[in-house]
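In this text, residue positions in the sequence shown follow the numbering used here: the first is 88, and each later residue adds one.
By construction, the Cβ of each residue, glycine as well, lies at the ideal position given by its N, Cα and C atoms.
Notes follow once the structure below has been shown.
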Amino acid sequence: MIRRTEAGLSAYVPKKDLEEPIIKFENQDLWGGVVTLRNGWRLLLPDLPPHTRLPITVEARKLSDGD
88 MIRRTEAGLS AYVPKKDLEE PIIKFENQDL WGGVVTLRNG WRLLLPDLPP
138 HTRLPITVEA RKLSDGD
């Protein structure tokens, strides 16, 4: 799940019960690119319209260190 907090955008990963701030964006529109979480994880987000309302649950793919 991607949501907006007082500190900015964050990602919640339910299987890991982990919520981390998003610290880096590949695309300014957020969607369809790679984001980096504070813990170093890189997630590939799906292509969505730029003005998609938050919070939203998405299928994001965690990239390995070599991607």
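Close CB contacts of glutamate 113 within its chain, under the 8 Å cut and outside five residues either way in sequence, are with Gly120, Val121 and Val122 (chain order). Under DSSP, the beta-bridge partners assigned to arginine 129 are Thr123 and Leu150. DSSP, reduced to helix, strand and coil, places proline 108 within a strand of the structure shown.
A residue is called buried when at least 16 other Cβ atoms come within 10 angstroms of its Cβ; serine 151 does not meet this threshold and is exposed.
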